[in-house]
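Chain order of the listed sequences is A and B. Adding 5 to a residue's 1-based position in the first sequence gives its number in my numbering. Adding 5 to a residue's 1-based position in the second sequence gives its number in my numbering. Just so it is clear, CB atoms sit at the ideal spot from N, CA and C, and this is done for glycine as well. First up is the structure itself, then whatever we jot down about it.
Protein chains: 2
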Amino acid sequence: MKLTKPTPTLHDVAARANVSTATVSRCLNLPDQVTRRTRDKVMQAIADLGYAPNFGARAMASRRTNTIGAIIPTMENAIFARGLQAFQEELRTHGFTMLVASSSYRPDIEQEQIRSLVARGADALLLIGHERDPEIYRFLEAQSIPALIVWAYDPRIARPSVGFDNRAAMHDLAKEVLRRGHRRLALISAPVAMNDRARERQEGIHDAMCAAGLDPRDLQLVETPYAIENGAMAFDALMARQPRPTAVLCGNDVLAVGAMRRARELGLRVPDDVSITGFDDIELAQVVYPPLATVHVPHREMGRRAAQTLIGMVHGDISVVAVDLGAELKLRGSLGDVPAA
Amino acid sequence: MKLTKPTPTLHDVAARANVSTATVSRCLNLPDQVTRRTRDKVMQAIADLGYAPNFGARAMASRRTNTIGAIIPTMENAIFARGLQAFQEELRTHGFTMLVASSSYRPDIEQEQIRSLVARGADALLLIGHERDPEIYRFLEAQSIPALIVWAYDPRIARPSVGFDNRAAMHDLAKEVLRRGHRRLALISAPVAMNDRARERQEGIHDAMCAAGLDPRDLQLVETPYAIENGAMAFDALMARQPRPTAVLCGNDVLAVGAMRRARELGLRVPDDVSITGFDDIELAQVVYPPLATVHVPHREMGRRAAQTLIGMVHGDISVVAVDLGAELKLRGSLGDVPAA
DNA sequence: TTACAATTTGTAAAGGCTTACATTGACAGT
DNA sequence: ACTGTCAATGTAAGCCTTTACAAATTGTAA
């Protein structure tokens, strides 16, 4: 029968060091307002007791947390994971901490996570894409929590953002595909419901087709969740159609890589028989053979800039607008000329 | 000049709904102790104000957070990201929330993160691997925070864990490599300092070599951080040695895939000229050609079991011990017989 | 109608920390 | 020795919630 030893508090430390709680607090927060001698005593007591300040109490008393929350659709997507890593590193150098949550692409869960992060005292929030229930934006307004949108650029939306133009990027890629003579295009896309990035990429292709005098309704479309295997299955479905598309554009690299694997399994040569493109430019893109033509998403730069911007917003910077970082085409071996008829 | 609108508190809600703060609190926590009529009034007030309970205050008053912290080396490693996703999903179904932090494989940062998570009120902690400063275990003890180790299995260590035997798994793989006639083995490993998983995998190969009558000191070793490009460079270095190894085992799939890419660039055929193996069995392993022989790490099962176990520990379950989930060999095309001399 | 039980609501203390303000002490200048 | 400064430390209020306990309300049985 052992007594549960309560976790030590500021008070315990003060008692052991023979000082007041205020002094202990100062040792931790404003160390040079306290004598060397006293500080040593206090630090020793802290070490002896294994004391750790209670974050909740501290936040409550000081009304700030130096914490910024981030909500991404899923950690399984390498491009988000990378972006977050950069975001966190930048935050760290400014003394801020990151709180992450993932929504599994579900708006209801995202909303729950937003509330949870706000309740936890996040001083600001990082969100992916603009599209969500207006209710949420009202809530953040009511709580006066600044929010920054990343992964999107749309100057028509008056909300701070750091990202790139998904539509224009995909447009550029599709234009290149068309330039190489392809006329029967297909798209393997992530589900577009409540996903403005996916929708804009699709619209980018439509734009390019229109500009080339094609009917955008002829774009063969398969929607499927983010997973290599799904890319493979979607590719199967497309290859079974008549007439076969000669170029399969994919909403992201993971789907594209699944498509490439299945092409090999079906005995189709890339790009001789069919061209395949991706979007994101994750490491994977250069590991497959042939290397994947794709769009490079500036995830590191986006993460870093987002961190800086958000910190500015926390400090009251009100001048933040939409920033376009641009996304660069990476033309590689998986995209070739249209096969001879 | 706009007044900063303070974020609404329990008190504000109570005032607006004409009830006491206690009643509002009950609406949130014990809804059926309060009349339908009152509850509606209160809920309306909450909605009107955009109120969100203050997590810190709540934690302080109720002395629990229903939050479990997890610290992984990096989010960029897909295998950890996957494991965490499963962990989080399981936690969610039990009403718990996950707090993540990543240490970049640096013990000092890990320690800082552990303190931070504890301070934030984590009821328990998930940690990767056993090896860390004993000081940390003492600290957790002093704070009475239960901790569970994953990704490792070592029955000699009396500490709750859910994982698999890295050494035995790598031993099995190396045994198969030797069975296929390979005698000149190389290992591309993650840095082993403060990384018991990497070290155990290396020792597994030593075990197999000894059993086959080889001198484990003949294992050609390159240590390099987790990144595809590093795998490629390490492979370069190994191929420049004389005599060349005929089989290159890798500490993880990412390094292995880098090695495979470089093999292709060097004009070496896998597995005809050189065999390559990985460890983890991430999706990547089946995307490359030939598919990568590797060891399947039961990341989902591990995440799920870890969540259940940890919740049990929070509730006072004291009977937790070391659990071995096993890791299965995945023999695939990148491992072949030793080339004729 | 009255008394009592059961249900609903209110009151106030506690929880760990920061910080404005008050107090003490040391030291320089005279 | 005495006063005035300034640095170091202490005191106590306040941050927002939960919850034990008290009070009020409702319903029921006699």
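Interface residues of chain B around A:F144 at Cβ under 7 Å? G55
Return the CA-CA distance between B:G317 and B:D128, expressed in angstroms with no decimal places. 11 Å
Please list the terminal residues of the continuous alpha helix (DSSP H) segment that includes B:L183. 171 to 184
Who are the neighbours of A:L104 on chain B, taking C-beta pairs under 8 Å? L104
For A:F60 and chain B, any beta-carbon pair shorter than 9 Å? yes
Could you tell me whether any Cβ in chain A is nearer than 9 Å to the Cβ of B:I73? no
Kindly list, in the order they appear in chain A, the residues whose Cβ is closer than 7 Å to that of B:M80. M80, A86, L89, Q90
Is B:G338 close to chain A? Criterion is C-beta to C-beta, closer than 9 Å. no
Taking the beta strand (DSSP E) that B:T282 belongs to, which residues open and close that run? 280 to 282
In three-state terms, what does DSSP make of A:G218? coil
Taking Cβ positions, are A:A152 and A:P165 nearer each other than 9 Å? yes
Going by C-alpha distance, which of B:H135, B:L254, B:L33 is nearest B:M194? Here residue 194 of chain B is Ser; the residue named in the question, Met, does not match the sequence. Of the listed residues, the one whose Cα sits closest to B:S194 is B:L254.
Three-state secondary structure assigned by DSSP to A:E333: strand
Assign B:S67 to one of two classes, buried (16 or more other C-beta atoms within 10 Å of its C-beta) or exposed (fewer than that). exposed
Does the distance between the C-beta of A:D285 and the nearest non-hydrogen atom of the ligand HEM fall short of 8 Å? The model on display carries no ligand, and the ligand HEM is accordingly not part of it.
Exposure label - B:R87; buried when at least 16 CB within 10 Å: buried
Do you know how far the Cα of B:L340 is from the Cα of A:V227? 36 Å
DSSP beta-bridge partners of B:C255: B:I193
Return the chain-ordered list of same chain residues with a C-beta closer than 8 Å to the C-beta of A:N23, the five sequence neighbours on each side being excluded. K46
Limits of the alpha helix (DSSP H) - the one that A:G308 falls within: 304 to 319
The alpha helix (DSSP H) that contains B:G100, what's its start and end? Element bounds for B:G100: n/a, residue is neither H nor E.
With A:H301 as the anchor, note down where its beta strand (DSSP E) starts and where it stops. 299 to 301
For the putative contact between A:H304 and A:I150, defined by C-beta atoms under 8 Å, what is the C-beta separation to the nearest angstrom? In fact, because the Cβ distance is near 24 Å, the residues do not count as touching under 8 Å.
Go ahead and label B:E215 buried or exposed: buried means 16 or more other beta carbons lie within 10 angstroms of its beta carbon, across all protein chains shown. Note that residue 215 of chain B corresponds to Cys in the displayed sequence, not to Glu. Flag for B:C215 reads exposed.
So which residues on chain B does A:I233 lean against when the C-beta distance must stay under 9 Å? E288, L289, Q291, V292
Cβ-based burial, A:N1 [other Cβ within 10 Å; buried from 16]: Residue 1 of chain A is absent from the model: chain A starts at 6 and stops at 346.
Determine the contact status of A:V197 and A:V328, defining contact as a CB-CB distance below 9 Å. no
For B:Q291, which three-state DSSP category applies? helix
Does any CB atom of chain B fall closer than 9 Å to the CB of A:G263? yes
Whether A:A213 touches A:V343 by CB criterion (9 Å): no
Which stretch, first to last residue, makes up the beta strand (DSSP E) that contains B:L243? Not the beta strand (DSSP E): B:L243 falls in the alpha helix (DSSP H), residues 233 to 244.
I'd like to know whether the C-beta atoms of B:L192 and B:G256 end up nearer to each other than 9 Å. yes
Does the beta carbon of A:V123 come closer than 9 Å to any beta carbon on chain B? yes
Just by C-beta distance, which residues in the region 251 to 276 of chain B are closer than 7 Å to chain A? V262, R266, R269
Between A:R172 and the rest of its own chain, which residues show a CB-CB distance below 6 Å, the 5 nearest in sequence each way excluded? E205, E208, G209
Out of B:L219, B:A52, B:L131, B:V292, state which residue places its alpha-carbon closest to the alpha-carbon of B:W156. B:L131
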